[in-house]
Structure formats: C-alpha cells, structure tokens
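Under the numbering used here, the letters of the sequence shown match residues 675 to 783, in that order.
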Amino acid sequence: MKLIDCIDTQAARLAQAGLFFGHGTTNAFDEAAWLALWRLGLPLDALDEHEGQELSVAEEAAIAALVDERIRTRKPAAYLTGEAWLQGVPFTIDERAIVPRSFIAELIA
675 MKLIDCIDTQ
685 AARLAQAGLF
695 FGHGTTNAFD
705 EAAWLALWRL
715 GLPLDALDEH
725 EGQELSVAEE
735 AAIAALVDER
745 IRTRKPAAYL
755 TGEAWLQGVP
765 FTIDERAIVP
775 RSFIAELIA
C-alpha cells in the first residue's frame, strides 16, 4: 500500500470515530498524515515527497496501531507522539501540559 492510501484509510477511520481535531490539526486527513509521517520517522512537511512510497506490512500495522490508540483513548495526537508544534517550532509535550493551539500562536506571532 502506498503511504497516501494508508493515510486516506486512517483518515476515514478517524473521521468515523467522531474525534475532536484542533490540537495541531483541524481535520481527520491532516491528523492521519501527522500520525503516519511521525510513526515512519519522516518530516511532517514531507508528505508530497513521500506520498507514493510503498509501505511494508509492518509499517502499515504500526500506523494503524497508533491510529487505534488515538481512537481508543481519544487523547490528542500530541500526547501520543510526545510533541506539539507551534508556529513551526516543535515542543516536547505530555499530559501534564495543555496542547498549544493555533489561535494562541496567532496571538503571540
């Protein structure tokens, strides 16, 4: 399966789960892309470059497992990945902190 097809599949699962987006992404596709790229160790801005990449069965399973955790726990993706982004700057984050949101970035930019 190509990376873009995997992201589309996982985005559909996220959308069906009725999750809230807003802790770094605003929709299911962007969240699925973030989780997939992060799980593969790819830069988050590299989807266009890697969208045609063929995934191994193990890579597909690892991405699906991360999405499963997002759906099951309903935790923001930032808590699952341990990082949040604000104005293009990565921050280490865990459940002790509130995930910075884009509207806050607009205020301090």
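Each residue gets a CB set at the ideal place from its N, CA and C atoms; glycine is no exception.
Taking CB distances under 8 Å as the criterion, tell me whether residue i reaches chain D.
i: ILE737; result: In the displayed structure, chain D is absent; only one protein chain is listed.
Provide the residue(s) that pair with residue i in DSSP beta bridges, ordered along the chain.
i: LEU760; result: VAL763
i: GLU728; result: LYS676
Which residue's Cα is closest to the Cα of residue i: the options?
i: GLY762; options: GLY698, GLY692, ASP682 and GLN690; result: GLY698
i: ALA802; options: LEU693, GLY692 and HIS724; result: Since the displayed the chain opens at 675 and closes at 783, residue 802 lies outside it and no answer follows.
i: PHE703; options: LEU760, LEU729, ASP768 and VAL741; result: VAL741
Do residue i and residue j have their C-beta atoms within less than 8 Å of each other?
i: ILE678; j: GLY715; result: no
i: ALA739; j: GLN684; result: no
i: LEU709; j: ARG744; result: yes
Pull up the distance between the alpha-carbon of residue i and that of residue j, whole angstroms please.
i: LYS676; j: ALA720; result: 14 Å
i: THR755; j: THR766; result: 9 Å
*Determine contact between the stretch 745-752 and the stretch 728-736, defined as no fewer than three beta-carbon pairs at a distance below 8 Å.*
no
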